[in-house]
Amino acid sequence: MTRILLVEDEENFREPLTLSLRRDGFEVVQAVDGVAAVEIFEAASAPGGCGPIDLVLLDLMLPRLSGTEVCRRIRRGSAVPIIVLSAKDSEVDKIVGLELGADDYVTKPYSYRELAARVNAVLRRSRVASLRQEEGLVLEAGRVVMDLGRHEVRVDAEVVAMPLREFELLELFLRHQDRVLTRRQIIDEVWGTDYVGDTRTLDVHVKRLRAKIEADPSRPTMLVTVRGLGYRLVPAPGT
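Read in order, the letters of the sequence shown are residues 1 to 239 in full-length UniProt numbering.
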């Protein structure tokens, strides 16, 4: 059974959402503050724990430890999908959440149908990623090597941690080297054809990716912007 960690301090959001998720067949583990969330997540994956968490639904406004810090700590050692739930609706807040490594962002108040669609989409991509790992395929471009079997990325022979969404984005570029991919193509492939969120999300993830694979992220030579169209991964930077 898919295990979801729901981190939410407001009971009027937490309990109805838990009930709906369980009705849809998910196992839900609750945390009512940031410290508890980190402790539960780490304990679940430890030997003798209840088993790893498959998805985190994370409120940003939490007591004891903020949601942004929870996200940061989880990302130190895990690529588990994270969907941020927040009453904040500004573009800046969304970008901050995504830059911390969240895979998606849903603004309160939300309909359960919308949230369930996002949850299922993220889990579906996670399962596809797991199947691709079994292929044992290695993709390379310049200083970047992606080992799908190990779900591992190395840049200049050093392992670089990547959340699922960044991993998928880089995989897409590596599979289509030297081809211009339009913004719409990228969003359809990585976020899904039913994605209706802000396209600024793509720019945030490209920025995070560049920070990890470019020698100088402020002057990208590998993952370049094609003005008015989208992006292109240059196999040999400078060409």
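Even glycine gets a Cβ: it sits at the ideal position worked out from N, Cα and C.
Since this is a predicted model, take the numbers as computed values, not measurements.
Would you decide whether residue i is buried or exposed? Buried here means 16 or more other CB atoms lie within 10 Å of its CB.
i	result
methionine 162	buried
leucine 233	buried
threonine 239	Reliability fails at threonine 239, whose pLDDT of 46 lies under 50, so the model's placement of it is uncertain and the value that follows must be treated cautiously. Exposed, by the Cβ-count rule.
leucine 229	exposed
aspartate 23	Before going further, note that residue 23 is arginine rather than aspartate in the sequence given. Counting Cβ neighbours within 10 Å, arginine 23 comes out exposed, since fewer than 16 surround it.
glutamate 158	exposed
arginine 219	exposed
residue 247	No answer is possible for residue 247: it lies beyond the span of the chain, which begins at 1 and ends at 239.
Whose C-alpha, out of the options, is nearest the C-alpha of residue i?
i	options	result
leucine 55	Leu98, Thr68, Ser20, Arg124	Arg124
leucine 164	Arg175, Asp156, Leu148, Val155	Leu148
valine 83	Val159, Leu5, Glu171, Leu139	A small fix is needed here, since residue 83 is isoleucine in this sequence, not valine. Minimum Cα distance to isoleucine 83 is reached at Leu5.
proline 52	Pro235, Glu39, Asp9	Glu39
threonine 107	Ser78, Ser86, Gly230, Asp24	Ser86
leucine 172	Pro220, His205, Ser45, Gln30	His205
arginine 179	Glu11, Pro235, Val28, Ser66	Pro235
serine 66	Arg227, Val7, Tyr110, Arg150	Val7
valine 119	Val35, Leu58, His176, Glu166	Leu58
glycine 77	Ala46, Leu62, Asp188, Cys50	Ala46
leucine 62	His151, Ala37, Ala121, Val226	Ala37
arginine 184	Glu69, Ser126, Val224, Tyr231	Tyr231
Mind checking whether residue i and residue j have CB atoms under 8 angstroms apart?
i	j	result
glutamate 168	valine 190	yes
arginine 73	aspartate 33	no
serine 20	tyrosine 112	yes
proline 41	threonine 2	One detail in the question is off: residue 41 reads as phenylalanine in this sequence, not proline. No; because the gap between Cβ atoms is not below 8 angstroms, this pair is not in contact.
isoleucine 186	leucine 202	yes
leucine 174	leucine 139	yes
cysteine 71	leucine 115	no
What are the partner residues of residue i, as DSSP defines its beta bridges?
i	result
tyrosine 231	Leu181, Thr225
arginine 3	Glu27
threonine 107	Ser86
aspartate 147	Val138, Glu152
valine 160	Val153
Under DSSP, the beta strand (DSSP E) around residue i begins and ends at which residues?
i	result
aspartate 59	55 to 59
arginine 73	Careful: arginine 73 lies outside any beta strand (DSSP E), inside the alpha helix (DSSP H) at 67 to 75.
alanine 141	138 to 141
Taking the alpha helix (DSSP H) that residue i belongs to, which residues open and close that run?
i	result
aspartate 203	200 to 213
valine 35	34 to 45
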